Structures are given as structure tokens and as C-alpha cells.
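**Student:**
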């Protein structure tokens, strides 16, 4: 099953959503040749390793219908977005949500902005900044493995009102325990979901969505 068949099996995608997703390949190849935001050897696996990985958050949301409903109209901060992941694929899937894609590396935000503009994603704003400098608060934070959980959480503490959805690989139990102890989080407020429950590619073994509830 290719990426398109996989998504159509789980999501009711409109023609414009599909066309935007299809356009990602050409846009990222063009921009990656100018500013390297995806490793050269990985650009051929754009959908398998980047788009679908980003949309694993959407697939997880389907397992918690109330959460999915809240996310679909939420304000969302994508911290450490790089060239636009997971924010841009999620913005395509959730046109009623409002996304701020934030990265401290200016050249990466150039790519994210160019792709969002080419796709005419009116629900995306790209900012070159550190999370601590952002004045607003968001409903949700999403991010893709920009740091260990104990390092990441202080950057967004106080920046969200509903939850964090964090894509992370490896043995995270120690990271979760340290984060929860350090920030006195309630027992049961952190959940993990294996991405391999949806994506069978061996590349996803050990990769998780970590859902931190407010």
C-alpha cells in the first residue's frame, strides 16, 4: 500500500488536500537543492519517513475522538519545525486549525515558508524565533524529536493549554520519568502510542507519539 492509499484508508481527504500532499515531493526536492533541510539520501523517502511520520499524529488523534475534535479547530505550535514537519502535513489535513511553525534556524524557516506559500496554506504562519520569545499561548504543541523530553518540556511549559504531541524514538521511559518528577506531573498525564501500530515499515520500530496532557 503506497502513502496515498494508506491515507485514504483512514482519512476523508478532499481533492485539494490530496493535490497539496502530492505537491510536497516537487517542492521539497526544489528547495532541498538550495537549502538542505532533509538529508540527501532521505529525500526519496519523503513520504515514508517525513510526511507519514508527521501524520502519525493525526492517526493517533483518531484513537481519541474527543481529542481529535478539539485539535481540528485548535491553535497549534510546531516547535523546531525545520523545513515544516510535522506542521505542514498536519496543516493540510486540518484546514480549520491554526498553525505557527517555529524554528530558531532562519534558513530552515525560509523553506517552510516557501512550501506553505506555494501550497496556499492560509492556516500557517512561520516564525524564525525561539519558543521562549513567543508572546502567545497555544492549545497544542507538536514537535518531532528536537531534544530529549526533560530538555524540551521547559521550552514549552506555559505555552499550551491542552496538550503536547511529541514524535520521539528510542527508550523514552527514563526521559518520561525524569520529566514527570522534575515538573511534578500527575500520574497518568503522559501517554505513549507506537507509530508502528499504523505504519508497518521497519523504520518506525521504536518510534512513538508521546502525548502529554495538561
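Residue numbers (the numbering used here): 2 to 215. Ideal Cβ placement from N, Cα and C applies to all residues, glycine included. As the structure is a prediction and not an experimental result, all values here were calculated from the model.
1. If you follow the beta strand (DSSP E) that residue 1 is part of, which residue opens it and which one closes it?
2. Flag this pair as touching only if the segment 77-92 and the segment 122-132 have three or more C-beta atom pairs under 8 angstroms; answer yes or no.
3. Taking residue 4 as the reference, give the member of 161, 50, 83 with the closest Cα.
4. Just list the beta strand (DSSP E) runs in the segment 77-147, keeping only unbroken ones of 3 residues or longer that don't cross its boundaries, in chain order.
5. Among 208, 175, 81, which residue has its Cα nearest to the Cα of residue 129?
6. Keeping to the same chain, check which residues put their C-beta closer than 6 angstroms to that of residue 180; ignore five residues upstream and five downstream.
7. Throw me the rounded Cβ distance for the residue 141 and residue 166 pair, which I believe falls under 8 angstroms.
8. Less than 7 angstroms between C-beta atoms, sequence neighbours within five positions excluded: which residues of the same chain meet that for residue 86?
9. Which word fits residue 162, buried or exposed, when buried means at least 16 other C-beta atoms lie within 10 angstroms of its C-beta?
10. Any idea which residues DSSP pairs residue 164 with across the strands?
11. Enumerated in chain order, which unbroken segments of the alpha helix (DSSP H) with a length of 4 residues or greater are wholly contained in the segment 174-214?
12. For residue 38 and residue 189, I'd like the C-alpha separation in whole angstroms.
13. Residue 119 to residue 183, Cα distance in whole Å?
14. What is the DSSP secondary structure of residue 158, reduced to helix, strand or coil?
15. I believe residue 26 touches residue 47 by the beta-carbon criterion, under 8 angstroms. Please report the beta-carbon distance rounded to the nearest angstrom.
16. Give the DSSP-derived three-state secondary structure of residue 169 in the structure shown.
**Tutor:** According to the structure data:
1. With the chain represented from 2 up to 215, any question about residue 1 goes unanswered, as that position is not in the structure.
2. Output reads yes: the segment 122-132 touches the segment 77-92.
3. The shortest CA-to-CA distance from residue 4 to any of 161, 50, 83 is the one to 50.
4. The qualifying runs are 99-104, 125-129, 139-145.
5. Checking every option, the nearest Cα to that of residue 129 belongs to 81.
6. Hits under 6 angstroms: 150, 151, 154.
7. Correct: roughly 6 angstroms between the Cβ atoms.
8. These residues qualify, in order along the chain: 51, 55, 145.
9. Exposed, by the Cβ-count rule.
10. Partner(s): 141, 214.
11. Qualifying alpha helix (DSSP H) stretches, in chain order: 174-183.
12. For residue 38 and residue 189, the gap between their C-alpha atoms comes out near 36 angstroms.
13. A straight-line Cα-Cα distance of about 42 angstroms links residue 119 and residue 183.
14. Looking at residue 158 - three-state DSSP - the assignment turns out to be coil, as it is neither helix nor strand.
15. Separation of the CB atoms of residue 26 and residue 47 is rounded to 6 angstroms, and the pair is thereby assigned contact status at 8 angstroms.
16. In this structure, residue 169 counts as strand in the three-state DSSP scheme.
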